[in-house]
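Asks: Would you mind keeping the following structure in view while I ask a few things?
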Amino acid sequence: MHSYVHDRLPRSPWAIWQSRLLLLSAFFICLFVGSTEALAHAVTAGDKGYIQEISGVNLLPFVYLGAKHMMTGYDHILFLFGVIFFLYRIKHIGIYVSLFALGHSTTMILGVYFNVGINSYLIDAIIGLSVVYKALDNIGAFQRWLGFQPNTKIATLVFGLFHGFGLATKILEYEISPDGLLPNLLAFNVGVEIGQLLALAVILIGMSYWRRTPSFIRNAYTANVAMMSAGFILVGMQLTGYFVS
87 MHSYVHDRLP RSPWAIWQSR LLLLSAFFIC LFVGSTEALA HAVTAGDKGY
137 IQEISGVNLL PFVYLGAKHM MTGYDHILFL FGVIFFLYRI KHIGIYVSLF
187 ALGHSTTMIL GVYFNVGINS YLIDAIIGLS VVYKALDNIG AFQRWLGFQP
237 NTKIATLVFG LFHGFGLATK ILEYEISPDG LLPNLLAFNV GVEIGQLLAL
287 AVILIGMSYW RRTPSFIRNA YTANVAMMSA GFILVGMQLT GYFVS
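Below you can see the structure in the form of structure tokens.
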């Protein structure tokens, strides 16, 4: 859809250097986050211990946990970054972000309520693939390969469902008390949406400045290749964790 940005301007030595720096940065960032407790959004010992000790309705703690999870969920943020990369109007951004929110809210709440968990490594590998998919979509790969453009709204909703299962899997790791489960789940979801809005605000502020510079057109293609590379690295890390665990 947007592959024209790659050839729109000549590639100067400075632009080539920037491209390599973006790819290298994406690689080392993914290695860093993958080597920490954030891998597969592991539940921290402090958060897990606190949740296991409480029961009943505790709205504020779950709002906090939901916001924290989304703000530290680098794969969720990468996908969100890809979704809004070429969206300029607030109306369009609102539609896509709402579809993503609808998807992950649905499967998160239902998954926890009915105790449907998926192996955390496998679901996070799928989430990593969603990042790859969105990057490929942004550079127009599917139009070239398939001859048509897959529906971007449906794709956003479907991947939102997978992201929601990822959230549900992590919540189940908290071993939440069934007492007050539904209100606490709704509070967690509110926190997730707050975290998503905060992350979106930061992304939009950064993008608004970047889009005003000539480097956006020069490096839009490279940025999506870097994002795709990050997605593949995340997939590889999750699958490695699955087979060695």
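Our numbering puts the sequence shown at residues 87 to 331.
Quick reminder that beta carbons are idealized off the backbone N, C-alpha and C, glycines included.
These numbers were taken from a predicted model, which means no experiment stands behind them.
Straight-line CA distance for GLY168 to TYR199?
Replies: Cα to Cα, GLY168 sits roughly 30 Å from TYR199.
Asks: Under the rule that 16 or more other beta-carbon atoms within 10 Å means buried, what is SER331, buried or exposed?
Replies: Flag for SER331 reads exposed.
Asks: For ALA187 and PHE329, what's the separation of their Cα atoms in angstroms?
Replies: ALA187 and PHE329: Cα-Cα distance of roughly 31 Å.
Asks: Would you report the Cα separation of GLY135 and GLU261, rounded to the nearest angstrom?
Replies: Computed Cα separation, rounded: 10 Å.
Asks: From the DSSP output, in three-state form, read off ARG230 for me.
Replies: Helix.
Asks: Using a Cβ-Cβ cut-off of 8 Å (strictly less than) and excluding sequence neighbours within five positions of PHE302, which residues of its own chain qualify?
Replies: Cβ neighbours of PHE302 beyond the five flanking positions: TRP296.
Asks: How would you write the range of the alpha helix (DSSP H) that GLU261 sits in, first residue to last?
Replies: Segment: none, GLU261 is in no alpha helix (DSSP H) and carries neither H nor E.
Asks: According to DSSP, is LEU145 helix, strand or coil?
Replies: Three-state DSSP puts LEU145 in a helix.
Asks: Hey, how far is the Cα of ILE213 from the Cα of PHE245?
Replies: Computed Cα separation, rounded: 7 Å.
Asks: In angstroms with no decimal places, state the Cα-to-Cα distance between LEU243 and LEU258.
Replies: Using only the alpha carbons, I get a separation of about 23 Å.
Asks: Of all the options GLY203, GLY266, ILE319, LEU232, which has the alpha carbon lying nearest to the alpha carbon of PHE148?
Replies: Ranking GLY203, GLY266, ILE319, LEU232 by Cα distance to PHE148 puts GLY266 first.
Asks: Let me confirm a value: SER184 is counted as buried when at least 16 other C-beta atoms fall within 10 Å, else exposed. Which label applies?
Replies: Per the 10 Å Cβ criterion, exposed.
Asks: Please go through the same chain and pick out, in chain order, the residues whose beta-carbon is closer than 6 Å to the beta-carbon of GLY142, but skip the five residues on each side of it.
Replies: Once the five neighbours on either side are set aside, the close Cβ partners of GLY142 are ASP265, GLY266.
Asks: Give me the residue from THR158, LEU215, THR299, ASN205 with the minimum Cα distance to PHE251.
Replies: The shortest C-alpha separation from PHE251 is found at ASN205.
Asks: Give the single residue among LEU283, ILE176, ASP161 whose Cα lies nearest to the Cα of SER294.
Replies: Out of LEU283, ILE176, ASP161, ILE176 has the C-alpha closest to the C-alpha of SER294.
Asks: To the nearest whole angstrom, what separates the beta carbons of PHE248 and ILE209, a pair I think is in contact under 8 Å?
Replies: Right, the Cβ-Cβ distance comes to about 7 Å (below 8 Å), so this counts as a contact.
Asks: Decide if ALA273 is buried, meaning its Cβ has at least 16 other Cβ atoms within 10 Å, or exposed.
Replies: Answer is buried; the Cβ neighbour count reaches 16.
Asks: Taking ALA254 as the reference, which of SER191, ALA316, ALA227 has the closest Cα?
Replies: Among SER191, ALA316, ALA227, the Cα nearest to that of ALA254 belongs to SER191.
Asks: Going by DSSP, what residue range makes up the alpha helix (DSSP H) through GLU326?
Replies: In the sequence under discussion, the amino acid at residue 326 is Thr, which differs from the Glu named in the question. That run of the alpha helix (DSSP H) goes 301-330.
Asks: Is ASN237 closer than 8 Å to PHE171 when the C-beta atoms are compared?
Replies: No, they are not a contact pair.
Asks: Mind checking which residues open and close the alpha helix (DSSP H) that includes ASN275?
Replies: Residues 267-296.
Asks: Give the secondary structure of THR122 by DSSP, where H, G and I count as helix, E and B as strand, and everything else as coil.
Replies: In this prediction, THR122 scores a pLDDT of 43, lower than 50, which makes its location untrustworthy; the coordinate-derived value is nonetheless stated afterwards. Three-state DSSP puts THR122 in coil, outside helix and strand.
Asks: CB MET156 to CB ALA221, shorter than 8 Å?
Replies: Not a contact, by the Cβ cut-off of 8 Å.
Asks: To the nearest angstrom, report how far apart THR158 and GLY233 are at their CA atoms.
Replies: Straight-line Cα distance between these residues: approximately 37 Å.
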